[in-house]
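All remarks here apply to the structure that follows.
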Amino acid sequence: MTIKQLEKITKKASDELLQAKDQRDLEKLRIKYLGRKSELTRILRSIKNLPQKKRPIMGAKANEIRKRIEDLYNDATEKMKISKALDKDEEIDVTIPVKAQAIGHIHPITQMLWRAEEIFQKMGFEIFEPFEIDDDYHNFESVNIPPGHPARDLWDTFWTEDGFIPITHTSSMQVRILKSRKPPIRAVVPGKVFRNERTDPRHEHTLSQIEGIYVDKGISLSDMIGTLKTFFDAFYGKDVQVKVVPDYFPFVEPGNGMNLSCVICDMKGCRVCKHTGWLEILGCGMIHPNVLREGGIDPDVYSGFAWGFGLDRLVMLKYGIEDIRHFRNGDLRFIRQF
Amino acid sequence: MLLSKKWLEQYLPKGIKIKASKLRNRITYSLAEVENIYNVGEELTNIVVGEIKKIKPHPKSDNLHVAIVDIGNSRKKTIVCAAKNIFEGAKVPVALPGGSVLNPEQDLGSQDSFEIKEIEIKKIKSSGMLCSQKELGISDDHKGIWILPDELNVGEDFCGMLKDTILEIENKSLTHRSDCFSHLGIARELSAILKIPFDYEESQEILVPTQTLPLVVKVEDPKLCQRYTAIAIHGVKIQPSPLWLQLKLLAVGVKPINNVVDATNFVMLDMGQPIHAFDYNKLDAPRVIVRKAKKGEEIRTLDGDIRRLGSDQLLITDPKGPIAIAGIMGGLDTEVDNDTQDIIIESANFEMYNIRRSTNELGLRTEASTRFEKGQDPHTTLPALKRVAELITETAGGEIASEVIDIYKEPGEERQLEFDTDDVPRFLGIEVSKEEVIHIFESLHLAVNTPEVSSTKLSVTIPTFRRDLNIKEDLLEEVARIFGYDKFHPTLPVRDLKSVPKNFQREFEKMLMFTMSSLGFDEIYTYSFIGEQHYRKTLLDIDKCLKLKNPLSPELAYMRNSLVPSILEKVKLNLANFDEILIYEMSRIFFKEKNKEGLPNQPLNIIGLVSKHTDNKELYFTLKEKVIALLGQAGIATYAFEKVDSIPYFHPGQQALITTNKVVLGNIGTLHPQVKDNWNIDPNTSLFILDIEKLFELQNKEKVYKRFSKYPYVKRDLSFWVKKDTQTGHLVKELEKGNFSYVKDIEVKDIYEPKTKQDEKSITIQVILQSKRITLSEEEINIDISVLIETIKKFGGTLRKK
Chain A
681 MTIKQLEKIT
691 KKASDELLQA
701 KDQRDLEKLR
711 IKYLGRKSEL
721 TRILRSIKNL
731 PQKKRPIMGA
741 KANEIRKRIE
751 DLYNDATEKM
761 KISKALDKDE
771 EIDVTIPVKA
781 QAIGHIHPIT
791 QMLWRAEEIF
801 QKMGFEIFEP
811 FEIDDDYHNF
821 ESVNIPPGHP
831 ARDLWDTFWT
841 EDGFIPITHT
851 SSMQVRILKS
861 RKPPIRAVVP
871 GKVFRNERTD
881 PRHEHTLSQI
891 EGIYVDKGIS
901 LSDMIGTLKT
911 FFDAFYGKDV
921 QVKVVPDYFP
931 FVEPGNGMNL
941 SCVICDMKGC
951 RVCKHTGWLE
961 ILGCGMIHPN
971 VLREGGIDPD
981 VYSGFAWGFG
991 LDRLVMLKYG
1001 IEDIRHFRNG
1011 DLRFIRQF
Chain B
2 MLLSKKWLEQ
12 YLPKGIKIKA
22 SKLRNRITYS
32 LAEVENIYNV
42 GEELTNIVVG
52 EIKKIKPHPK
62 SDNLHVAIVD
72 IGNSRKKTIV
82 CAAKNIFEGA
92 KVPVALPGGS
102 VLNPEQDLGS
112 QDSFEIKEIE
122 IKKIKSSGML
132 CSQKELGISD
142 DHKGIWILPD
152 ELNVGEDFCG
162 MLKDTILEIE
172 NKSLTHRSDC
182 FSHLGIAREL
192 SAILKIPFDY
202 EESQEILVPT
212 QTLPLVVKVE
222 DPKLCQRYTA
232 IAIHGVKIQP
242 SPLWLQLKLL
252 AVGVKPINNV
262 VDATNFVMLD
272 MGQPIHAFDY
282 NKLDAPRVIV
292 RKAKKGEEIR
302 TLDGDIRRLG
312 SDQLLITDPK
322 GPIAIAGIMG
332 GLDTEVDNDT
342 QDIIIESANF
352 EMYNIRRSTN
362 ELGLRTEAST
372 RFEKGQDPHT
382 TLPALKRVAE
392 LITETAGGEI
402 ASEVIDIYKE
412 PGEERQLEFD
422 TDDVPRFLGI
432 EVSKEEVIHI
442 FESLHLAVNT
452 PEVSSTKLSV
462 TIPTFRRDLN
472 IKEDLLEEVA
482 RIFGYDKFHP
492 TLPVRDLKSV
502 PKNFQREFEK
512 MLMFTMSSLG
522 FDEIYTYSFI
532 GEQHYRKTLL
542 DIDKCLKLKN
552 PLSPELAYMR
562 NSLVPSILEK
572 VKLNLANFDE
582 ILIYEMSRIF
592 FKEKNKEGLP
602 NQPLNIIGLV
612 SKHTDNKELY
622 FTLKEKVIAL
632 LGQAGIATYA
642 FEKVDSIPYF
652 HPGQQALITT
662 NKVVLGNIGT
672 LHPQVKDNWN
682 IDPNTSLFIL
692 DIEKLFELQN
702 KEKVYKRFSK
712 YPYVKRDLSF
722 WVKKDTQTGH
732 LVKELEKGNF
742 SYVKDIEVKD
752 IYEPKTKQDE
762 KSITIQVILQ
772 SKRITLSEEE
782 INIDISVLIE
792 TIKKFGGTLR
802 KK
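Heads up: the sequence lines are chains A and B, in that order. So that you can map any letter, position 254 of the first sequence is 934 in our numbering, and since no number is skipped, the others follow by simple counting. So that you can map any letter, position 72 of the second sequence is 73 in our numbering, and since no number is skipped, the others follow by simple counting.
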């Protein structure tokens, strides 16, 4: 019985414990090295037969070894638990395909609207919601479209029997906003608008629109171009080119249309932009002095611009949606893609 | 509106040929969008004028003819042809072998060409093809061969005559520019835009009558007819117009009719002034009276329809009755026809608002009314009359047979506008010199007066044809567009650091939508318009809805006052693709009652619907859990579900109002079996509605923090029998009102309705007790429990033994 012998046992136990594959292996090793019939137990028992002088040393050594093996065993058990100590029958097939937890989808137009609203808010614009049914004054007269004016034909208008209008544009809020705020006035109005138009893949009688106004001292048409470009840069997350052309809307003077460099092909020419490199996106212009005056703003002191664009078209462009009617027919095969 | 480039170029200095692409670009940047541009005649080759010498039937076919056609230089071709309108002696376009024509099956403007070959048709060799207008790309007419005017020489090359470039401009963006509804007007614009001279001079010739036909005109309403000019012509010979005139009309999509009608159309397209010609001899008497219609008066218009007239419509009449609806359409009874010899030509100026109202009332829109309703220049009325009279005497013969009648009581005057060049940088953000501004105005035929050389102020004279220039901003637009929008540089306004007022309701709505989404609901949009059928199926009454005066269809004839019918319409559609659905919509609904603004009241509602193959009870509670979650997010701390039976689309025994402190927020229930049937919905379906604005108004905006207890809580279950019709929600509400020390929460764990008990059910509640100061002892717990038991007994409940 030597210390060397004891060291040998330790080494052997340590090696074997390291190679144990499962809980059963470990248990076998525990019995082998620490059990009642183990060599170590035998040695410990036999210490009493040693000469008095040797006993304490051997005793201490044997106990130390036992402690070491116990520690090794405990470590191995712990490791085994952490790594793969669980029984086979607890295993699960983690690859089984499952359906996603149901989280509702938000309508693509709503999503686009929020995105636009957020950018405009950061740029300092306040959000107003329109009345969806309004009167002739707010929808037409107050924005410089008197009764009988040919400009009324620019919109195919619905009328209720008692003479109200499902709004043809969110410009119906312009004069209300001008009256309720003092310059500088920055506001956007997102809302539903209605046009008396038969539906087909490219036409809808119900549309989502966002329009805005900016009124302050010294606001110029170049400011309008810059502001809208800034918005679209943020909206598309890239530098877009803008092209301003003349157009006619009675509530602005000058009246303009604004085209954006095609965000699909970056002006290389594609089907969407009809190979022109440009997309017609919005109507805009300098607010007509009659409208400013109607809103209690002195056009000799202040100037401003206004614009409006449809969300439907932007969403269609973004995802390549072929039929505008998908937006409002409530088909979840459509909605669940967004 | 279609414009012919060839026609426009007539009014620009000779020899100037503008590149089509440049034309498109500059018009788009400085006037209005060019929607389309296409070349006519470009691909045609080897087409000559031929004369049909002989027509024989095809020996092998009843539908074909064999034509012998003279193509000049004493060459004749045998051509097999199917058209029925050819006759011997007719001049026709002949495509010779090797030449190209266009595919008549394709759309005008995008036709492909194909080559003509010598072929054998049923054993007869055909050496060429007689062409229709469509095969030459000049009109949509493919009904027969184009019969050409006799004046043409046999063998003449025909392709060159057809060559032109056609521009299509968006009418809407020119709504304010009545002067641009003509070639002359657009050419005048082009001269300013392209900085080239405008080459047009009004004819100064005086029309001298060489015959005498009596003619009197009386204008009864000079407000609606500012100017009326007319002239009589004697002895016209009605026949097809000369080719140049036909081609001009065809190029811009107008069908040639005869030399008189074509001349009136030509002058309208050229000068913008609509012209009308009457058959002199068809008038009751040569007295033309311009007056308002008498109620119930009728006229048969040129299109053959009988029009019943209202009292505001302006008419052209003879002593017997109406002969035209002023500015809109002539009458059939006084139409110029092939036998017409004497005519009256009318060129007049009618008030735009009246014309527009009449076109709307009559549902009749014409080229003439389109121009009149935008306002015409009264200074063009007379020159246009002279122009058309000259053209008619030239192409139809005849002699001027009356003085020029010109009734013009209050001549329109040129306006003066003040303009400050300092406004250009301020308002437009561009630097344009004073000289350049003056140059821009002058190029647009606006006369500029500079009172002082050093001053920035200008006085600008507006010609009568520019009815759209009324304020200085209009002039600023002229500077901007002629300067060119492509030369503007984007700038940003200077803005303060003030934060933007938040729209809290909008934020609230957004938060609710996110919540709906996390509760599993998909958002859908449906129309605000609804039909009677939808309401009937939903057991709702459509009469309370606002009705549209001009709906698109009966299904879209009303503005909905409930979101229920629209969402139900979408259930079946989706169940065809999904086993169960959870959908919602947030939208306004509309009532006849007025809001504070005097508008139809239009609250914002949210509707949520679940449709699933499960029993109604489970479905109801699934939805109720979601509603409570939503109410929680909305900050509605106290709420109640009050049993009702009055909501028609719900099962009478499975519906409730959702309230907070007695205010109704909405309702919830499972669908009435009849409604389910009507909508063809198979699985059970439950839905709720909430009024967003009420939620927003009544929400607890601030969260309240309470210190939580460090001591353990205790749970106690209590089971008891109560009458079957006991409303559990009520009972729990009552229990909660008890005078407790430690009860924190009462939850319903189970409701048991054994078949053995007819009138009773068992309710098990779980009571949570907790103190902030101590660990509860059994005695303390029992004090609270006995309070609960007292209340249960008051409700007639008996405790179940454990």
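Built from N, CA and C at the ideal position, the CB exists for glycine as well.
Taking three-plus beta-carbon pairs below 8 Å as touching, is the segment 770 to 782 of chain B in contact with the segment 723 to 734 of chain B? Under the Cβ criterion (8 Å, minimum of three pairs), the segment 770 to 782 of chain B does not count as touching the segment 723 to 734 of chain B.
Is there a Cβ of chain A sitting closer than 7 Å to that of R467/B, yes or no? No, because no Cβ of chain A sits closer than 7 Å to the Cβ of R467/B.
Report the neighbours of E696/A on chain B: residues whose CB is nearer than 7 Å to its CB, in chain order. Near E696/A there are no residues of chain B at all, since even the closest Cβ is about 48 Å away, more than 7 Å.
At a CB-CB cut-off below 8 Å, which residues of chain B make contact with W794/A? Within 8 Å Cβ-Cβ: K511.
Taking only runs that begin and end inside the segment 172 to 260 of chain B, name each unbroken alpha helix (DSSP H) of 4 or more residues, in chain order. Fully enclosed alpha helix (DSSP H) runs of 4 or longer: 184 to 194, 244 to 252.
Under a Cβ-count criterion, where at least 16 other Cβ atoms within 10 Å of its own Cβ denotes burial, should Y528/B be classed as buried or exposed? Using a 10 angstroms sphere on the CB of Y528/B, the tally of other CB atoms reaches 16 or more, which defines it as buried.
To the nearest angstrom, how far is it from the Cα of Q112/B to the Cα of L103/B? Distance between the alpha carbons of Q112/B and L103/B: 6 Å.
Based on Cα-Cα distance, which residue from L583/B, T792/B, I17/B lies nearest to H614/B? Taking only the C-alpha atoms, the option nearest H614/B is L583/B.
So is E619/B in contact with chain A if we call contact Cβ pairs under 7 Å? No, no contact with chain A.
Taking 7 Å as the CB-CB cut-off, is T840/A touching chain B? It does; some Cβ of chain B falls within 7 Å.
Mind pulling the chain B residues with CB within less than 8 Å of N876/A? In chain order: N551, L553.
Do we get a CB-CB distance below 7 Å when we pair I525/B with the residues of chain A? Interface residue, yes.
Going by DSSP, what residues sit across from K794/B in a beta bridge? Per DSSP, none; premise fails for K794/B.
If you measure from the beta carbon of Q603/B to each beta carbon in chain A, is any gap under 7 Å? At a cut-off of 7 Å between beta carbons, Q603/B contacts chain A.
Just checking: is the beta-carbon of V925/A within a distance shorter than 7 Å of some beta-carbon in chain B? A Cβ of chain B is located within less than 7 Å of the beta carbon of V925/A.
Closest by CA to L513/B, which one among V93/B, F279/B, Q700/B, N662/B? It is Q700/B.
Considering only residues of the same chain and omitting the five flanking positions on each side of P198/B, which have a CB-CB separation below 7 Å? These residues qualify, in order along the chain: P14, S192.
Could you pull out every residue in the same chain whose Cβ sits closer than 7 Å to the Cβ of G798/B, ignoring the five residues on either side in sequence? Answer for G798/B: F721, W722, V723, listed in chain order.
Verify whether the separation of the beta carbon atoms of N664/A and I847/A is less than 7 Å. This structure gives no information on residue 664/A, because the portion of chain A shown stretches from 681 to 1018.
Separation of L666/B from K695/B, as counted between CA atoms: In this structure, the CA atom of K695/B is about 6 Å from the CA atom of L666/B.
Bridge partners of P926/A, per DSSP? Partner(s): N936/A.
Please list, in chain order, all residues of the same chain as S694/A whose beta carbon is under 7 Å from its beta carbon, the five residues on each side excluded. Leaving aside the five residues that flank S694/A on each side, the residues in its chain whose CB is nearer than 7 Å to its CB run, in chain order, L752.
So is K18/B in contact with chain D if we call contact Cβ pairs under 7 Å? No chain D is part of this structure, whose protein chains are labelled A and B.
Among Q889/A, D769/A, A700/A, H883/A, nearest to W794/A - alpha-carbon criterion: It is Q889/A whose Cα lies nearest to the Cα of W794/A.
Using a Cβ-Cβ cut-off of less than 9 Å, give me the residues of the segment 885 to 906 of chain A that come near chain B, in sequence order. Those would be H885, T886, S888, Y894, D896, G898, I899, S900, L901, S902, D903, M904, I905, G906, in chain order.
Of all the alpha helix (DSSP H) runs that stay within the bounds of the segment 580 to 639 of chain B, which reach a length of 4 or more residues? Taken in chain order, the complete alpha helix (DSSP H) segments of 4 or more residues contained in the segment 580 to 639 of chain B are 617 to 635.
CB Y30/B to CB D469/B, shorter than 7 Å? Against a cut-off of 7 Å, the Cβ pair of D469/B and Y30/B comes out as no contact.
For the segment 116 to 147 of chain B, which residues have a CB atom closer than 8 Å to at least one CB atom of chain A, in sequence order? Listed in sequence order: no entries.
Going along chain B, which residues have a C-beta under 8 Å from H787/A? Near H787/A (Cβ distances below 8 Å), the residues of chain B are E524, I525, Y526.
Element boundaries [beta strand (DSSP E), containing I769/B]: Note, I769/B: beta strand (DSSP E), 761 to 770.
Residues in the segment 997 to 1011 of chain A having any Cβ partner in chain B nearer than 9 Å: Of all residues in the segment 997 to 1011 of chain A, F1007, R1008, N1009, G1010, D1011 have a Cβ within less than 9 Å of some Cβ in chain B.
Assign W245/B to buried or exposed, taking buried as 16 or more other Cβ atoms, counted over all protein chains shown, within 10 Å of its Cβ. The Cβ neighbour count for W245/B, taken over all protein chains shown within 10 Å, is under 16; the residue is labelled exposed.
Can you say whether S941/A is buried or exposed, counting buried as having 16 or more other CB atoms within 10 angstroms of its CB? Counting C-beta atoms within 10 angstroms of its own C-beta, S941/A has 16 or more neighbours from the protein chains shown and is therefore classed as buried.
What residues match up with Q656/B in a beta bridge as DSSP calls it? Note: Q656/B sits in a beta bridge opposite G670/B.
Note down the Cα distance separating Q791/A from L547/B, rounded to an integer number of angstroms. Cα to Cα, the separation comes out at about 30 Å.
With a threshold of 6 Å on Cβ separation, who are the neighbours of R1005/A within its own chain once the five nearest residues in sequence on each side are excluded? Within the same chain, R1005/A has close Cβ partners T879.
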